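For the sequence shown, the residue numbers in mature numbering (1 follows the signal peptide of the UniProt record, and there is no 0) are -18 to -1, 1 to 126. Notes follow the structure.
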Amino acid sequence: MYHFLLLFLLANFYTINGRVQTISIGGRFLCLGKPVPFHNVILKEADFFTDDTLAVSATDKDGYFFLMGMDDEVLPITPYIESTFACCEPGKECKPQKERLDIPFGQLSIFQNQNVFNFGDIEMFGITSNRIIFQNYGREGYGM
(Lines of atoms letter the chains of each structure in order from A and count residues from 1; the text may use other names and numbers.)
(Lines give C-alpha, C1' and ligand atoms only; values in the text may rest on other atoms or scores of the structure.)
Protein backbone atom coordinates (compact mmCIF):
# COMPACT_ATOMS: atom_id res chain seq x y z
CA MET A 1 0.00 0.00 0.00
CA TYR A 2 2.80 2.42 0.91
CA HIS A 3 4.59 1.67 -2.34
CA PHE A 4 1.45 2.46 -4.31
CA LEU A 5 0.98 5.76 -2.45
CA LEU A 6 4.65 6.68 -2.99
CA LEU A 7 4.40 5.83 -6.68
CA PHE A 8 1.23 7.94 -6.98
CA LEU A 9 2.88 10.95 -5.30
CA LEU A 10 6.03 10.70 -7.42
CA ALA A 11 4.00 10.43 -10.61
CA ASN A 12 2.09 13.59 -9.71
CA PHE A 13 5.30 15.41 -8.77
CA TYR A 14 6.74 14.89 -12.24
CA THR A 15 3.57 16.15 -13.91
CA ILE A 16 3.66 19.50 -12.12
CA ASN A 17 4.16 22.13 -14.79
CA GLY A 18 5.16 25.70 -14.26
CA ARG A 19 3.41 28.58 -15.91
CA VAL A 20 4.83 30.64 -18.71
CA GLN A 21 5.70 34.03 -17.28
CA THR A 22 6.48 36.92 -19.60
CA ILE A 23 8.40 40.07 -18.72
CA SER A 24 9.02 43.20 -20.76
CA ILE A 25 11.78 45.61 -19.77
CA GLY A 26 12.75 48.97 -21.18
CA GLY A 27 14.96 51.91 -20.37
CA ARG A 28 17.86 54.00 -21.60
CA PHE A 29 21.58 53.86 -20.84
CA LEU A 30 23.46 57.13 -20.37
CA CYS A 31 27.14 57.88 -19.82
CA LEU A 32 27.78 61.33 -18.34
CA GLY A 33 24.31 62.36 -19.49
CA LYS A 34 24.80 61.28 -23.11
CA PRO A 35 23.00 58.29 -24.69
CA VAL A 36 25.02 55.09 -25.13
CA PRO A 37 24.24 53.77 -28.64
CA PHE A 38 24.49 50.12 -29.74
CA HIS A 39 25.24 48.81 -26.23
CA ASN A 40 24.53 45.10 -25.55
CA VAL A 41 21.90 44.31 -22.92
CA ILE A 42 20.96 40.81 -21.70
CA LEU A 43 17.71 39.94 -19.88
CA LYS A 44 18.28 37.04 -17.50
CA GLU A 45 16.31 35.19 -14.85
CA ALA A 46 18.02 34.05 -11.66
CA ASP A 47 17.75 30.33 -10.93
CA PHE A 48 19.22 28.13 -8.22
CA PHE A 49 21.96 26.50 -10.33
CA THR A 50 22.37 28.50 -13.53
CA ASP A 51 20.61 31.64 -14.69
CA ASP A 52 18.46 31.55 -17.82
CA THR A 53 19.03 34.00 -20.67
CA LEU A 54 15.59 35.26 -21.70
CA ALA A 55 16.54 37.86 -24.34
CA VAL A 56 19.54 39.66 -25.84
CA SER A 57 19.39 43.03 -27.55
CA ALA A 58 21.27 46.30 -28.01
CA THR A 59 20.40 49.91 -27.37
CA ASP A 60 19.35 52.02 -30.33
CA LYS A 61 21.14 55.18 -31.51
CA ASP A 62 19.50 57.15 -28.66
CA GLY A 63 20.47 54.64 -25.94
CA TYR A 64 16.99 53.10 -25.53
CA PHE A 65 16.48 49.37 -25.11
CA PHE A 66 13.45 47.09 -24.91
CA LEU A 67 13.61 43.40 -24.10
CA MET A 68 10.87 40.82 -23.79
CA GLY A 69 11.43 37.32 -22.52
CA MET A 70 9.54 34.38 -21.12
CA ASP A 71 10.30 31.49 -18.82
CA ASP A 72 8.36 28.44 -17.66
CA GLU A 73 8.65 28.45 -13.85
CA VAL A 74 6.52 27.21 -10.97
CA LEU A 75 7.63 30.06 -8.69
CA PRO A 76 7.70 33.76 -9.62
CA ILE A 77 10.63 34.67 -11.86
CA THR A 78 13.44 36.93 -10.63
CA PRO A 79 14.57 38.83 -13.73
CA TYR A 80 17.51 41.19 -14.08
CA ILE A 81 19.51 42.82 -16.84
CA GLU A 82 23.22 42.27 -17.31
CA SER A 83 25.48 44.68 -19.10
CA THR A 84 29.21 45.23 -19.60
CA PHE A 85 30.29 48.85 -19.88
CA ALA A 86 33.03 51.39 -19.30
CA CYS A 87 31.94 54.92 -18.49
CA CYS A 88 34.70 57.28 -17.32
CA GLU A 89 35.39 60.93 -16.90
CA PRO A 90 36.86 62.46 -20.06
CA GLY A 91 40.61 61.88 -20.27
CA LYS A 92 40.62 59.03 -17.72
CA GLU A 93 41.03 55.37 -18.51
CA CYS A 94 38.80 52.71 -17.00
CA LYS A 95 38.15 49.01 -17.51
CA PRO A 96 34.81 47.60 -18.65
CA GLN A 97 32.70 46.21 -15.81
CA LYS A 98 29.96 43.60 -15.91
CA GLU A 99 27.00 44.82 -13.88
CA ARG A 100 23.73 43.22 -12.87
CA LEU A 101 20.74 45.50 -12.42
CA ASP A 102 17.99 43.73 -10.49
CA ILE A 103 14.35 44.60 -10.78
CA PRO A 104 12.97 45.48 -7.32
CA PHE A 105 10.78 42.58 -6.20
CA GLY A 106 7.78 44.75 -5.36
CA GLN A 107 7.65 46.04 -8.94
CA LEU A 108 6.47 42.72 -10.36
CA SER A 109 3.06 41.17 -10.00
CA ILE A 110 3.45 37.47 -9.25
CA PHE A 111 -0.18 36.71 -10.12
CA GLN A 112 -0.14 38.01 -13.70
CA ASN A 113 1.53 36.54 -16.75
CA GLN A 114 2.51 39.89 -18.29
CA ASN A 115 4.97 41.98 -16.28
CA VAL A 116 6.36 45.29 -17.54
CA PHE A 117 9.16 47.28 -15.92
CA ASN A 118 10.69 50.57 -17.08
CA PHE A 119 14.17 51.29 -15.75
CA GLY A 120 13.96 54.83 -17.11
CA ASP A 121 17.32 56.58 -17.57
CA ILE A 122 20.23 54.58 -16.15
CA GLU A 123 23.33 56.74 -15.67
CA MET A 124 26.27 54.33 -15.99
CA PHE A 125 28.87 56.73 -14.62
CA GLY A 126 29.50 55.90 -10.98
CA ILE A 127 27.71 52.55 -10.91
CA THR A 128 30.01 50.25 -8.98
CA SER A 129 27.56 47.85 -7.35
CA ASN A 130 23.90 46.91 -7.17
CA ARG A 131 23.64 48.93 -3.95
CA ILE A 132 23.92 52.19 -5.87
CA ILE A 133 20.96 51.21 -8.03
CA PHE A 134 18.83 50.37 -4.99
CA GLN A 135 19.93 53.40 -2.94
CA ASN A 136 19.12 55.74 -5.79
CA TYR A 137 16.07 53.93 -7.14
CA GLY A 138 13.43 56.46 -8.07
CA ARG A 139 15.85 59.38 -8.26
CA GLU A 140 16.44 61.07 -11.56
CA GLY A 141 18.81 59.05 -13.73
CA TYR A 142 18.58 55.82 -11.75
CA GLY A 143 15.18 54.32 -12.37
CA MET A 144 11.55 55.18 -12.77
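Glycine included, every Cβ here is placed at the ideal spot set by N, Cα and C. Please read these numbers as outputs of a predicted model, since none were measured by experiment.
By alpha-carbon distance to T41, the top candidate from E75, L25, Q3, I85 is L25. Ranking E105, E75, V2 by CA distance to the CA of E27 puts V2 first. Contact check between the stretch 6 to 23 and the stretch 33 to 51: three or more CB pairs, one atom from each, fall below 8 Å, which counts as touching. Around the beta carbon of P61, a 10 Å sphere encloses 16 or more other beta carbons of the protein chains shown; the residue is thus reported as buried. Judged by DSSP secondary structure, V38 falls within the beta strand (DSSP E) whose first and last residues are 34 to 40.
Within the DSSP secondary-structure output, L83 pairs in a beta bridge with I63. With distances taken between CA atoms, E55 lies nearest to L36 out of K77, Q79, M106, L36. With a threshold of 16 other beta carbon atoms within 10 Å, L57 falls short and is exposed. For the set C69, S39, L12, the Cα lying nearest the Cα of V23 is the one of S39.
Rounded to the nearest whole angstrom, the CA to CA distance from I104 to M50 is 18 Å. The Cβ atoms of M106 and C76 lie no closer than 8 Å to each other. Comparing alpha-carbon positions, the option among I5, K80, P86, D34 lying closest to H21 turns out to be K80. Residues S6 of the same chain have their beta carbon placed closer than 6 Å to that of V98, with the five preceding and five following residues left out of the count.
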